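Asker:
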Amino acid sequence: MELWGRLLWALLTGPGRRAGIPGWISSSWQPHRPLAGLSSATELVSHWTGVFEKRGIPEARVSSEYIVAHVLGAKTFQSLRPILRTQPLTPQQLQCIQELSSRRLQRMPVQYILGEWDFHGLSLKMVPPVFIPRPETEELVEWVLEEVAQRSHVVGARGGPLILEVGCGSGAIALSLLSELPQSRVIAVDKGEAAISLTRENAQRLRLQDRIWIVHIDVTLERSWTHLLSWGPMDLVISNPPYIFHQDMEQLAPEICSYEDPAALDGGEEGMDIIIHILALAPQLLKDSGSIFLEVDPRHPELVSSWLQSRPDLNLSLVAVRRDFCGRSRFLHIQRFGP
Amino acid sequence: MRSRLLWGAARCLWALGATGPARRPLSCDTPPLEELFARDGSLRTFLERQAGSGALVSRPQLASAAKLLSEKEGELREIEHLLRDENEDLQKLAENEIALCQKEITQLKQQIILLLVPSEETDENDLILEVTAGVGGQEAMLFTSEIFDMYQQYAAFKRWHFETLEYFPSEIGGLRHATASIGGSEAYKHMKFEGGVHRVQRVPKTEKQGRIHTSTMTVAILPQPTEINLVINPKDLRTDTKRASGAGGQHVNTTDSAVRIVHLPTGVVSECQQERSQLKNREMAMKKLRAKLYSMHLEEETSKRYNARKIQIGTKGRSEKIRTYNFPQNRVTDHRINKSLHDLETFMQGDYLLDELVQSLKDYADYESLVEIISQKV
Numbered sequence: 001m002e003l004w005g006r007l008l009w010a011l012l013t014g015p016g017r018r019a020g021i022p023g024w025i026s027s028s029w030q031p032h033r034p035l036a037g038l039s040s041a042t043e044l045v046s047h048w049t050g051v052f053e054k055r056g057i058p059e060a061r062v063s064s065e066y067i068v069a070h071v072l073g074a075k076t077f078q079s080l081r082p083i084l085r086t087q088p089l090t091p092q093q094l095q096c097i098q099e100l101s102s103r104r105l106q107r108m109p110v111q112y113i114l115g116e117w118d119f120h121g122l123s124l125k126m127v128p129p130v131f132i133p134r135p136e137t138e139e140l141v142e143w144v145l146e147e148v149a150q151r152s153h154v155v156g157a158r159g160g161p162l163i164l165e166v167g168c169g170s171g172a173i174a175l176s177l178l179s180e181l182p183q184s185r186v187i188a189v190d191k192g193e194a195a196i197s198l199t200r201e202n203a204q205r206l207r208l209q210d211r212i213w214i215v216h217i218d219v220t221l222e223r224s225w226t227h228l229l230s231w232g233p234m235d236l237v238i239s240n241p242p243y244i245f246h247q248d249m250e251q252l253a254p255e256i257c258s259y260e261d262p263a264a265l266d267g268g269e270e271g272m273d274i275i276i277h278i279l280a281l282a283p284q285l286l287k288d289s290g291s292i293f294l295e296v297d298p299r300h301p302e303l304v305s306s307w308l309q310s311r312p313d314l315n316l317s318l319v320a321v322r323r324d325f326c327g328r329s330r331f332l333h334i335q336r337f338g339p
Numbered sequence: 001m002r003s004r005l006l007w008g009a010a011r012c013l014w015a016l017g018a019t020g021p022a023r024r025p026l027s028c029d030t031p032p033l034e035e036l037f038a039r040d041g042s043l044r045t046f047l048e049r050q051a052g053s054g055a056l057v058s059r060p061q062l063a064s065a066a067k068l069l070s071e072k073e074g075e076l077r078e079i080e081h082l083l084r085d086e087n088e089d090l091q092k093l094a095e096n097e098i099a100l101c102q103k104e105i106t107q108l109k110q111q112i113i114l115l116l117v118p119s120e121e122t123d124e125n126d127l128i129l130e131v132t133a134g135v136g137g138q139e140a141m142l143f144t145s146e147i148f149d150m151y152q153q154y155a156a157f158k159r160w161h162f163e164t165l166e167y168f169p170s171e172i173g174g175l176r177h178a179t180a181s182i183g184g185s186e187a188y189k190h191m192k193f194e195g196g197v198h199r200v201q202r203v204p205k206t207e208k209q210g211r212i213h214t215s216t217m218t219v220a221i222l223p224q225p226t227e228i229n230l231v232i233n234p235k236d237l238r239t240d241t242k243r244a245s246g247a248g249g250q251h252v253n254t255t256d257s258a259v260r261i262v263h264l265p266t267g268v269v270s271e272c273q274q275e276r277s278q279l280k281n282r283e284m285a286m287k288k289l290r291a292k293l294y295s296m297h298l299e300e301e302t303s304k305r306y307n308a309r310k311i312q313i314g315t316k317g318r319s320e321k322i323r324t325y326n327f328p329q330n331r332v333t334d335h336r337i338n339k340s341l342h343d344l345e346t347f348m349q350g351d352y353l354l355d356e357l358v359q360s361l362k363d364y365a366d367y368e369s370l371v372e373i374i375s376q377k378v
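Just so you know, the sequences run in chain order A and B. If you're matching positions, the first sequence starts at 1 in full-length UniProt numbering and goes up one per residue. If you're matching positions, the second sequence starts at 1 in full-length UniProt numbering and goes up one per residue.
In structure tokens, the structure reads:
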């Protein structure tokens with residue numbers, strides 16, 4: 001136990017991640033019986049929780065639980081089969097937990113460490129630096145689904161909606177809409193190369209690639225979006241655009257600022273840069289009375305409302321604001337009216 | 001009448017050997033229902049009185065079943081005379097015919113019971129299964145885990161949907177507390193009899209002296225309300241998550257997706273951390289909360305309505321010891337109907353033996369509500 005602790009400590013606090021470690025560590029594993037004292041899932045979780053706490057890693061317990069559960073093939077420690085909690089782990093599993101935990105000590109987000117995360121019932125591959133979907137966004141998807149369900153009664157079944165997603169990241173929003181709305185089609189755009197290929201990969205893993213068109217464009221560039229017109233008018237535009245106020249960027253936790261693409265977070269001085277671009281181009285892409293759904297900062301509903309009033313030429317109006325599960329004004333429904 | 005009987009008898013003669021000895025569909029330890037149908041029994045009197053008062057006019061199915069039953073019984077009495085006939089072939093034929101007749105009579109009786117026993121509002125609903133270790137420390141937790149597995153297998157046996165909502169294990173592989181959502185055809189109708197205290201008697205794995213211990217665990221079965229059964233005002237709910245403090249949204253990246261929902265007017269709390277998706281956890285916690293609130297509501301209703309029932313079904317009997325699992329004797333005994341089964345290992349596999357016991361409990365509950373109906377209306 002003592003030895004194991006020292007061994008680990010040397011490993012983890014040593015300069016960087018040494019190549020070649022796995023070789024000697026695994027060979028020294030078996031002969032040392034004392035190590036067997038620390039070999040069940042439950043014991044490993046409490047061990048790594050302790051290590052994380054000592055090193056000031058946030059969410060120490062859940063981080064170690066997710067890592068151990070993942071290595072044992074479960075999504076959460078809660079859902080781990082009881083027998084797997086007390087059973088000794090194999091040397092390979094122990095080594096794997098050790099490697100993943102050392103990444104957490106570098107403040108890597110758990111979602112990147114595991115290489116996957118769940119969103120709205122889908123398991124999605126996660127790769128740095130592509131933005132990790134937040135739980136609030138699941139509610140944005142819920143809202144859109146509610147609206148689509150209501151509207152389909154009015155419009156009647158004429159095929160599903162055509163949806164544009166701006167800034168698709170890992171594809172979370174687009175793919176959850178596609179899986180919930182079997183008639184829908186989505187055009188997903190992003191300016192990041194990594195996001196485009198990750199969305200494509202996730203679409204293929206979920207077998208949703210036939211109803212999604214993934215386009216690499218930057219909506220802030222002059223007329224870059226014009227070829228989106230070829231799909232015809234859209235029913236919906238949905239986006240979780242970068243909305244963090246630029247001066248708040250410094251205060252973000254290392255998990256975010258050292259690993260996630262700042263372009264997916266930094267919304268400029270008032271967090272409105274991309275929001276304004278979306279609002280300006282949407283009327284040209286939307287059907288009459290088509291809708292825009294946005295996730296925003298709680299300060300944005302007011303800012304967006306007054307900005308729209310200054311641009312009557314866009315024929316857009318803010319029709320509803322919704323709060324997230326923590327009670328913060330988080331989601332906007334903007335509708336196009338008249339010609 | 002006689003000619004039809006003979007024709008039937010002749011048919012049986014041709015089909016030599018095809019009909020075996022009569023098998024009684026009702027097992028021996030369910031006589032109470034038979035008892036009710038005895039001649040001059042209370043159910044007879046009840047049915048006759050109902051027919052006499054014209055109360056059966058509004059229940060044509062019941063009326064025709066009752067009429068058919070007395071016809072069949074008359075027929076049976078007639079055939080029974082043939083048993084005394086000197087002709088052996090005729091005697092044999094009569095035996096066969098009697099068996100057939102008895103079978104029809106049994107079916108008619110079951111039909112009458114089905115028509116008389118009111119089905120509970122929630123019989124078709126899905127349900128939440130809740131298991132909690134009771135007295136007996138680690139051994140009770142080990143037993144709780146075995147019972148939870150048994151119901152998971154029973155759900156598979158009945159082709160029901162089974163989803164674990166929460167699972168709190170003990171250190172040595174036992175189970176402190178767990179809940180699951182079970183859905184499917186008549187799930188609640190079957191599972192409602194499982195609620196109560198289950199007792200185990202055996203030498204625990206943890207026991208070194210080889211002594212037999214007695215431990216307990218509790219099962220609660222809560223019917224899952226439909227949207228119409230129960231309406232909750234969203235304003236009455238408070239949802240707690242680890243994202244509540246700070247800015248939320250893109251500003252933070254937390255992975256703790258545990259959700260806790262409080263129903264403010266009652267103080268009922270429901271939690272879930274089974275999934276990585278917070279939305280999914282919220283849905284599961286909500287499911288559990290709805291079931292809890294609904295069963296509180298039902299408990300209030302039932303205690304008003306059925307005070308007299310002996311068999312404490314559903315949520316009413318949560319504190320009552322209903323069953324003993326005795327390992328040294330390889331026996332499981334249900335104390336409500338005093339029925340024992342003698343293959344514990346098979347029983348714990350949660351398939352036909354458990355189903356058989358559930359069926360007996362259902363029959364007994366039917367018997368009791370029949371008695372209640374009869375006594376009310378006489």
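We put the CB at the ideal spot given by N, CA and C, even for glycine. As the structure is a prediction and not an experimental result, all values here were calculated from the model.
Would a check of beta-carbon distances place Leu35/A closer than 9 Å to chain B?
Answerer: Confidence at Leu35/A is low in this model, with a pLDDT of 45, below 50, so the placement of that residue is unreliable and no value is reported for it.
Asker: With 9 Å set as the bound, which would you pick, yes or no: does the beta-carbon of Thr30/B sit closer than that to a beta-carbon of chain A?
Answerer: Low local confidence applies: a pLDDT of 49 at Thr30/B is under 50, so the model's placement there is unreliable, with the coordinate-based value given in what follows. No - not a single Cβ of chain A is within 9 Å of the one on Thr30/B.
Asker: Ordered along the chain, which non-local residues of its own chain (more than five positions away) have a Cβ less than 7 Å from that of Arg23/B?
Answerer: With a pLDDT of 32 at Arg23/B, under the threshold of 50, the modelled position of this residue cannot be trusted; read the value that follows with caution. Here the set comprises nothing.
Asker: Find the nearest neighbour of residue 347/A within the set Lys280/B, Ser340/B, Lys158/B, Gln102/B, judged by alpha-carbon distance.
Answerer: Nothing can be reported for residue 347/A: it is not among the residues displayed for chain A, which extend from 1 to 339.
Asker: Could you tell me which residues DSSP pairs with Leu286/A in its beta bridges?
Answerer: Met234/A
Asker: Here's the rule: buried if 16 or more other CB atoms are within 10 angstroms of the residue's CB, otherwise exposed. What is Gln91/B?
Answerer: Exposed, by the Cβ-count rule.
Asker: Whole angstroms is fine: what's the gap from Val231/B's alpha carbon to Tyr188/B's?
Answerer: 20 Å
Asker: Any idea what DSSP makes of Ala244/B, helix, strand or coil?
Answerer: coil
Asker: Using 9 Å as the limit for Cβ to Cβ distance, is His120/A near chain B?
Answerer: yes
Asker: Given a cut-off of 9 Å, decide if Ile274/A and His251/B are closer than it, judged by their beta-carbon atoms.
Answerer: Their beta carbons are not under 9 Å apart, which means His251/B does not touch Ile274/A by this criterion.
Asker: Skipping 5 residues on each side, what residues in its chain have a beta carbon closer than 7 Å to that of Arg243/B?
Answerer: Here the set comprises Val252, Thr254.
Asker: Taking the alpha-carbon positions, what's the Pro22/A to Pro91/A distance?
Answerer: Per-residue confidence for Pro22/A stands at a pLDDT of 39, beneath the threshold of 50, marking its modelled position as unreliable; the derived number appears in the next sentence. If you take the alpha carbons of Pro22/A and Pro91/A, they lie about 11 Å apart.
Asker: If you check the beta carbons only, do Ala133/B and Gly174/B fall under 9 Å apart?
Answerer: Taking 9 Å as the Cβ cut-off, Ala133/B and Gly174/B qualify as a contacting pair.
Asker: Return the CA-CA distance between Tyr151/B and Val358/B, expressed in angstroms with no decimal places.
Answerer: 12 Å
Asker: Taking only the alpha-carbon atoms, compute the straight-line gap between Thr333/B and Ile128/B and give it to the nearest angstrom.
Answerer: 24 Å
Asker: Which chain A residues are close to Thr254/B, counting only those with a beta carbon under 7 Å from its beta carbon?
Answerer: Glu59
Asker: Counting along the chain, where does the beta strand (DSSP E) carrying Gly183/B start and finish?
Answerer: 175–183
Asker: Does Lys208/B pass the burial test, meaning 16 or more other C-beta atoms within 10 Å, or should it be called exposed?
Answerer: exposed
Asker: Please report the distance separating the alpha-carbon of Ser245/B from that of Gly167/A.
Answerer: 27 Å
Asker: Ile261/B and Thr239/B: beta carbons closer than 9 Å?
Answerer: Their beta carbons are under 9 Å apart, which means Ile261/B touches Thr239/B by this criterion.
Asker: Helix, strand or coil: how does DSSP classify Gly317/B here?
Answerer: Because Gly317/B sits at a pLDDT of 47, beneath the cut-off of 50, its placement in the model cannot be relied upon, and the following sentence gives the value as read from the coordinates. Three-state DSSP puts Gly317/B in a helix.
Asker: DSSP on Pro60/B, reduced to helix/strand/coil?
Answerer: helix
Asker: Can we say the segment 120–129 of chain A touches the segment 93–100 of chain A, given the rule of at least three CB pairs closer than 8 Å?
Answerer: Cβ pair count under 8 Å is below three, so no.
Asker: Residues in its own chain within less than 7 Å of Ala194/A by CB, not counting five upstream and five downstream?
Answerer: Only residues of its own chain outside the window of five on either side were considered, and among them Val127, Pro129, Val130 have a CB closer than 7 Å to the CB of Ala194/A, listed in chain order.
Asker: When burial is assigned at 16 or more other CB atoms within 10 Å of the CB, is Glu125/B buried or exposed?
Answerer: The sequence as given places Asn at residue 125/B; Glu does not occur at that position. By the C-beta density criterion, Asn125/B is buried, having at least 16 other C-beta atoms within 10 angstroms.
Asker: So, are the CB atoms of His277/A and Glu147/A less than 9 Å apart?
Answerer: The answer is no: Cβ separation not under 9 Å.
Asker: Which class does Gly52/B belong to by DSSP, given the choice of helix, strand or coil?
Answerer: helix
Asker: Could you give the distance in angstroms between the alpha-carbon of Val68/A and the alpha-carbon of Val62/A?
Answerer: 10 Å
Asker: So with Cβ pairs under 9 Å, would you call Ala247/B a contact of chain A?
Answerer: yes
Asker: Closer than 9 Å between beta carbons: that is the criterion. Which residues of the segment 132–145 of chain A meet it against chain B?
Answerer: Ile132, Arg134, Pro135, Glu136, Thr137, Glu138, Glu139, Val141, Glu142
Asker: Considering Ser179/A, what are the terminal residues of the alpha helix (DSSP H) in which it resides?
Answerer: 172–180
Asker: Do you know how far the Cα of Pro204/B is from the Cα of Lys321/B?
Answerer: 20 Å
Asker: Which chain A residues sit within Cβ distance under 8 Å of Leu175/B?
Answerer: Pro82
Asker: Quick check: the Cα distance between Asp313/A and His161/B, rounded to an integer number of angstroms?
Answerer: 54 Å
Asker: Within the chosen definition, does the segment 180–188 of chain A reach the segment 207–223 of chain A through at least 3 CB pairs nearer than 8 Å?
Answerer: Judged by Cβ distances under 8 Å, the segment 180–188 of chain A makes contact with the segment 207–223 of chain A, as three or more pairs qualify.
Asker: On the DSSP bridge list, what partners appear for Leu237/B?
Answerer: His263/B
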